[in-house]
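K.L.:
Positions 1137 to 1311 (my numbering) are the ones given, in order, by the sequence shown.
If you scroll down you'll find the structure; I have some questions about it.
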Amino acid sequence: MSDVREELVALLPRLRRFAHGLTGQREDADDLVQSACERALSRSELWTPGTRLDSWMYRIIQNLWYDRLRGRRVRAEVVDEELLDQQADEQAHHLPERRQAVAEVSRRLQALRPEHREVVMLVCVEEHSYKEAADILQIPVGTVMSRLARARLQLQEEWNTVAPGPRVQLSEDRP
1137 MSDVREELVA LLPRLRRFAH GLTGQREDAD DLVQSACERA LSRSELWTPG
1187 TRLDSWMYRI IQNLWYDRLR GRRVRAEVVD EELLDQQADE QAHHLPERRQ
1237 AVAEVSRRLQ ALRPEHREVV MLVCVEEHSY KEAADILQIP VGTVMSRLAR
1287 ARLQLQEEWN TVAPGPRVQL SEDRP
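Below is the structure:
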């Protein structure tokens, strides 16, 4: 159990980054990671030592996020977008350009379908291979490639529509 805890602590920055990519909000991401860690620790007997703990944790985060999305739809939560935007970065008054860029990228990521956003986060942000992302999401490699291609195309089209000029390279392809 202590090995799992130590590995979990080492994974926290990556888990937070993945969760933030799914939620688009730091506070929601932190809550999601905390819930995932609680679930993992309370069910640590379900993890097989010698397998990838990060894959197991990404899957837990993904499942929790889907549960929350379904719950929000059922409850039809009303969210004050302006308040959430103000809370997204307490240092925003120091770096308005950075905040604007981060908000724009986050907005565009949030516009992606959830399954496309997951693949973008795993491959482009977390730098997992297509095979690793497929294993984490429990889908075929071809599906990862297809979702990533669609996500990149959508992001590229939106980016170039707003800011005409040279095309932006979102990430290098990796097998």
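Even for Gly, the Cβ is constructed at its ideal location relative to N, Cα and C.
Where does S1265 fall in DSSP's three states?
P.N.:
In this structure, S1265 counts as coil in the three-state DSSP scheme.
K.L.:
Name the two residues that bound the continuous alpha helix (DSSP H) containing R1161.
P.N.:
Checking the sequence, you will find Gln at residue 1161 rather than Arg. Here Q1161 belongs to no alpha helix (DSSP H), and DSSP marks it neither H nor E.
K.L.:
Assuming R1249 is part of the alpha helix (DSSP H), what are its boundary residues?
P.N.:
Here R1249 belongs to no alpha helix (DSSP H), and DSSP marks it neither H nor E.
K.L.:
How about L1245: is its C-beta nearer than 8 Å to some C-beta of chain D?
P.N.:
Judged by its chain identifiers, the structure shown contains no chain D, having just a single protein chain.
K.L.:
I1275 by DSSP, collapsed to three states: which one?
P.N.:
Residue state, collapsed to three classes: coil.
K.L.:
If you count every other CB in all the chains shown that lies within 10 Å of the CB of E1254, and 16 or more means buried, which is it?
P.N.:
When all chains shown are included, E1254 counts as buried.
K.L.:
Within 10 Å of its beta-carbon, does Q1274 have 16 or more other beta-carbons around it, so buried, or fewer, so exposed?
P.N.:
Under this definition Q1274 is an exposed residue.
K.L.:
Kindly indicate which three-state DSSP category T1297 falls into: helix, strand or coil?
P.N.:
If DSSP states are grouped into helix, strand and coil, T1297 belongs with the helices.
K.L.:
Does the distance from the C-beta atom of S1242 to that of G1160 stay below 8 Å?
P.N.:
It is a contact, given that the beta carbons lie within the stated cut-off.
K.L.:
Indicate the three-state DSSP secondary structure (helix, strand or coil) for R1175 in the structure shown.
P.N.:
R1175: helix per DSSP, three-state reduction.
K.L.:
Rounded to the nearest angstrom, what separates L1168 and P1149 at their Cα positions?
P.N.:
Going from the Cα of L1168 to the Cα of P1149 covers about 13 Å.
K.L.:
Go through its chain and collect everything with a Cβ distance to V1280's Cβ below 6 Å, but skip five positions before and after it.
P.N.:
Excluding residues within five positions, the ones whose Cβ falls inside 6 Å are V1255, Y1266, A1269, A1270.
K.L.:
Alpha carbon to alpha carbon, what distance is there between W1192 and Q1290?
P.N.:
Answer to the nearest angstrom: the Cα atoms are 29 Å apart.
K.L.:
Can you check whether the CB of H1264 is closer than 8 Å to the CB of L1258?
P.N.:
Yes. Within cutoff.
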